[in-house]
Structures are given as C-alpha cells and as structure tokens.
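Encoded as structure tokens, the structure appears first; notes follow it.
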Amino acid sequence: MRDLIDVQRGKQSARMFHDPEIYEREMEAIFGRCWLFLTHESAIPNFGDFVTTRMGQDEVIVVRQKDGSIKAFLNVCRHRGARICPVEAGNKRSFVCNYHGWSYAVDGSLSAVPFEKELYQGKLDRETHGLKEVAQVSIYHGFVFGNFDAGAISLEDYLGDARWYLDIWMEASGGVELVGPPSRSVVHCNWKAPCENFVGDAYHVGWTHASSLAVSGSMLAPMSGNAALPPAGAGIQVASRYGHGHGILYDVHPGGHDAKLGEEMLAWQATKRVAMEEKYGAIRTRYYGSHINGAIFPNVSYLWGTNLFKTWQPLGPNETECWTWAIVEKDMPDELKRKIVNGMHRTFGVAGYWEADDNDNMESASLLTTGFQTRKLQLNAQMGIGKDIVDSELPGVVGQAAIGETSYRGYYRFYDEVMRSASWGDMDPSDDSWKEQLVSADV
Ligand code: FES
Ligand SMILES: [Fe+2]
Numbered sequence: 006m007r008d009l010i011d012v013q014r015g016k017q018s019a020r021m022f023h024d025p026e027i028y029e030r031e032m033e034a035i036f037g038r039c040w041l042f043l044t045h046e047s048a049i050p051n052f053g054d055f056v057t058t059r060m061g062q063d064e065v066i067v068v069r070q071k072d073g074s075i076k077a078f079l080n081v082c083r084h085r086g087a088r089i090c091p092v093e094a095g096n097k098r099s100f101v102c103n104y105h106g107w108s109y110a111v112d113g114s115l116s117a118v119p120f121e122k123e124l125y126q127g128k129l130d131r132e133t134h135g136l137k138e139v140a141q142v143s144i145y146h147g148f149v150f151g152n153f154d155a156g157a158i159s160l161e162d163y164l165g166d167a168r169w170y171l172d173i174w175m176e177a178s179g180g181v182e183l184v185g186p187p188s189r190s191v192v193h194c195n196w197k198a199p200c201e202n203f204v205g206d207a208y209h210v211g212w213t214h215a216s217s218l219a220v221s222g223s224m225l226a227p228m229s230g231n232a233a234l235p236p237a238g239a240g241i242q243v244a245s246r247y248g249h250g251h252g253i254l255y256d257v258h259p260g261g262h263d264a265k266l267g268e269e270m271l272a273w274q275a276t277k278r279v280a281m282e283e284k285y286g287a288i289r290t291r292y293y294g295s296h297i298n299g300a301i302f303p304n305v306s307y308l309w310g311t312n313l314f315k316t317w318q319p320l321g322p323n324e325t326e327c328w329t330w331a332i333v334e335k336d337m338p339d340e341l342k343r344k345i346v347n348g349m350h351r352t353f354g355v356a357g358y359w360e361a362d363d364n365d366n367m368e369s370a371s372l373l374t375t376g377f378q379t380r381k382l383q384l385n386a387q388m389g390i391g392k393d394i395v396d397s398e399l400p401g402v403v404g405q406a407a408i409g410e411t412s413y414r415g416y417y418r419f420y421d422e423v424m425r426s427a428s429w430g431d432m433d434p435s436d437d438s439w440k441e442q443l444v445s446a447d448v
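Taking the numbering used here, the leading residue of the sequence shown gets 6, the next gets one more, and so forth.
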C-alpha cells in the first residue's frame, strides 16, 4: 500500500486499476467503512416502499418503515443465502424467499418459516435469523446513504467541508429530486477510473468531447477541439478531507448541452437568485448558476448544470455498473423537468453521446493494466501541483484554475488514508494535517 499512492508528488500506481488484492482491500476498507449512496427519499415515500441496490458488491434492500424511518438489509436469505428480492423497486409488507419460502417482515425480522414446527421442532432461533441490517442509514437533503460500519463518523461529518458546495444545489436551490428509475449499464473498467474523472477532470472535456461539444452548440462549445482554454479566473477546483471533490466553471450552464435549454434553465434560476443571495451570499449564488462537476467519495459522481447523478458500482477489478439519474429542482415546472431528463439521457444516459466518449477512455485506462509491464507504470495527477491553497472564504483545499488536478490529488489522498487505516479510530476528524499535505505537495 505504501507504494500505491504518492500523495506528495501527485502520482498513483497503475496497479490500483487491476490488482485483485487491492480490490479486496477496497471492499473491506472503503465500501465496508465509507458512507455509500443508497437512494433518494422521493423514490420510497410510503411504508413498505423499497428499492434494491448495491453497497460494493453486496446487494441490499432499502425499505421505508412504519414509523417513517428507512432501514437497509442485505438482500440475502438467512437460510441458504438465496436472493430475497429479485426486483428493483416496489411496495411490500413482507419479503418471501424464492427458494424455500422463508418470509421476512419489512423491519427485517424472520416472520414465517414453512412447516417450522414440524421440521425444526422448536430449534430454529428466529431472533438471530432476521435479515442482516446495514449498521447505519442516514439522510442528507433527501439523499439516503448507508454505512456497514457502526463505528463510522456521522454522514454530516463525513461530507464535511464538501457540504458547503453540495448545499448550493441540494438546499439553496429549494431542494432537488432524482428522477429515476436509474438507467444501468456495465462498463468494463475499474470503478475508480470514472470516479476520478468526475471528481476533477475538466481537462478532457475539450478534447475527448470535441465532436460532442461542436454539435451541441452549448455555452461550452468554444472549448471544442481544445480551441480555447478557459481564461484565468474562469473557475476553481476543490479537494475535501474525505476525498470528495468539486470543479466549478463559473457562470456556465450548458443545459444538457442544448443551447436553448441552457437559456431556459438560466431564466428559471434567475427567479431564485435574489432570495438566494440574501440567504446564502453572492459566491454560492454564483455557483448555483455555474457548472459544477463533483464526487462524493467513493463512488458518487454528479454534474450540476448537466443535471446528472451517477453511482459506479464495482462488480470486480475491471467491471463496473453505472447507474444514472437526472437531477431536477423540486419546484420546476413539469415541462422543464421533462426537457432536463431528456437532455441528460441524450448526453449521459446508457446511449448518451457524451457517455460513449468517456467510456472508451475508462475502459482502455483500466484494461491496459492487465499488461504486466503496464502495471508497473505510475499515473500522473500533477497538474497545478504546488499552487493549491487554503482560502479564507472557501472550505477545503482550492486549486485556482478551472482546469487542474487538485481534486484528483484530494481523492487519492483520502483513498490512501482509508486503505491504510485499520479503522475509523485511526482517522482523527480533528486532524487538519491533510490540508498541509495537499498544499505542500510538489514535484
Ligand atoms: S434459501 Fe431462502 S428459504 Fe431457503
Ligand atoms: Fe467526460
């Protein structure tokens, strides 16, 4: 592990995209310990409403309880381990296993066993055979997260510095909804390849997406083919304590990469800006009307302004399932919501033309590490290194340009910390040295 991530010089070993032992460690140390996105509250409003999803490679059921709370359980029967719930979403009063018919209540308790008296003669301990519950479930502005580790810090603390940026669209906007059900596709790549891209890669946009930009005619179109670099002061990048990251391109709202829709969205936003500025200040109001790329460590990606929200579910070192929702503001007119959902799927859905641009890179950067010599290489995330600062107004560590790799470095700094820690007890939340670590990094 010590050789995997070089925080000081902004480099990472290519092994991290391939090595099965590293992948196993990630399942334990990252997916077994960090807060993982489960669903949005609006997907399960009523008692018995449920969705099935994944936490790492473990399948879980997320279900609304009678008292309005939300619980999550492994989607696994405690008899012989068959899947309890085979569908993506619905409403149930009990979950019945397809194999031998054991039945579980919505609160996870084992409620009925066929011929229990006759076949088990009173020796089956129902109490210890309820569904295995996810240790913690917590909600942030409607976004439901789960954590397998009872000793993990709270979700609010985990989001930490990044909340200041997340709140711009999750709260100050008046609240958002995720429009699902999520589209799903399998990408033959390591799960970190797309996550690092979304955490902070504005560099690839003008080049990878050159054709897409050119045909879109959106506010970002001038970047096509790297014809123009965003001018000085056009944006920033931000790294956070627990690996979350953001990139902000000021005053750009590409509107699903459709010029007309971009104008409509800006007009909609204009109706809220005065009130927002009073409550949240000028900087955050400006960010509301800006394009934001972001990641919540480990595997949530989003684009505010392109209105997508994704999770990258690992299925193995070189296989990842991508789930995609559209983000809309709750109080938008239905017609505007519909246009945004269509625009998002046209660009970043399963068959989205931007998605296809990206996936080619995700797959090659991952699959080439099956080469024995390739694996020995170091990957470079040094752009802007030595220029990161702590800003008095902006939380986190800030890279002072629209294009740079500050948040890559922040993502892998925490990746390194969590992978090498034995437990949350080793990661002191009051320890601020992570900032110095990033600011002092240099070649
Ligand atoms: S495996 Fe579920 S009832 Fe037997
Ligand atoms: Fe991209």
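All residues carry an ideal CB built from backbone N, CA and C; glycine is no exception.
The criterion of a C-beta distance shorter than 8 angstroms is not satisfied by residue 218 and residue 235. With a cut-off of 7 angstroms, the C-beta of residue 352 is classified as distant from ligand 2, since no heavy atom of the ligand falls inside that distance. The count of Cβ pairs closer than 8 angstroms, one atom from the stretch 367 to 377 and one from the stretch 207 to 223, stays below three, leaving the stretches out of contact. Rounded to whole angstroms, the Cβ separation of residue 325 and residue 192 is 5 angstroms, and the two are in contact under 8 angstroms. DSSP places residue 353 in the helix class (H, G or I) of the three-state scheme. Contact between residue 136 and residue 109 holds, since their C-beta atoms are separated by about 5 angstroms, short of 8 angstroms. Just measuring C-alpha positions, the residue of 198, 319, 125 sitting nearest residue 33 is 319. For the options 322, 14, 274, 327, the alpha carbon positioned closest to that of residue 310 is the one of 274. Secondary structure at residue 362: helix, using DSSP grouped into helix, strand and coil. At the C-beta level, residue 30 and residue 424 come within 8 angstroms of one another. In the structure shown, residue 321 adopts extended strand secondary structure according to DSSP, grouped into three states. Beta-carbon to beta-carbon, residue 448 and residue 387 are separated by about 6 angstroms, close enough to satisfy the 8 angstroms threshold. Here residue 86 is exposed, its C-beta having fewer than 16 other C-beta atoms within 10 Å. Residue 20 carries a helical assignment under DSSP once its states are collapsed to helix, strand and coil. Annotated three-state conformation of residue 339 is helix, per DSSP.
Secondary structure of residue 327 (DSSP, three-state): strand. Below 8 angstroms, enough C-beta pairs join the stretch 49 to 63 and the stretch 88 to 96 to call them touching: three or more. DSSP links residue 109 through a beta bridge to 100, 115. Chain-ordered, the residues whose CB falls short of 5 angstroms from any heavy atom of ligand 1 come out as 82, 84, 85, 87, 102, 104, 105, 107. Selection 189, 41, 176, 249 evaluated against residue 277 yields 176 as nearest (Cα-Cα).
DSSP, reduced to helix, strand and coil, places residue 76 within a strand of the structure shown.
Taking the C-beta atoms as reference points, residue 389 is found no nearer than 8 angstroms to residue 244. Sequence-distant Cβ neighbours of residue 329 in its own chain, meaning closer than 7 angstroms and more than five residues away, are 187, 188, 313, 315, 353, 354. Here the C-alpha atom of residue 77 lies approximately 15 angstroms from the C-alpha atom of residue 50.
In the three-state reduction of the DSSP assignment, residue 442 falls in the helix class, which pools H, G and I.
When C-alpha distances from residue 35 are compared across 281, 248, 71, the shortest belongs to 248. Under the criterion of beta carbons closer than 8 angstroms, residue 384 and residue 16 qualify as touching, at roughly 7 angstroms. Residue ranges of uninterrupted beta strand (DSSP E) with 3 or more members, entirely inside the stretch 222 to 308 and ordered along the chain, are 240 to 244, 250 to 254, 296 to 301.
Residue 323 has its alpha-carbon roughly 10 angstroms from the corresponding atom of residue 373.
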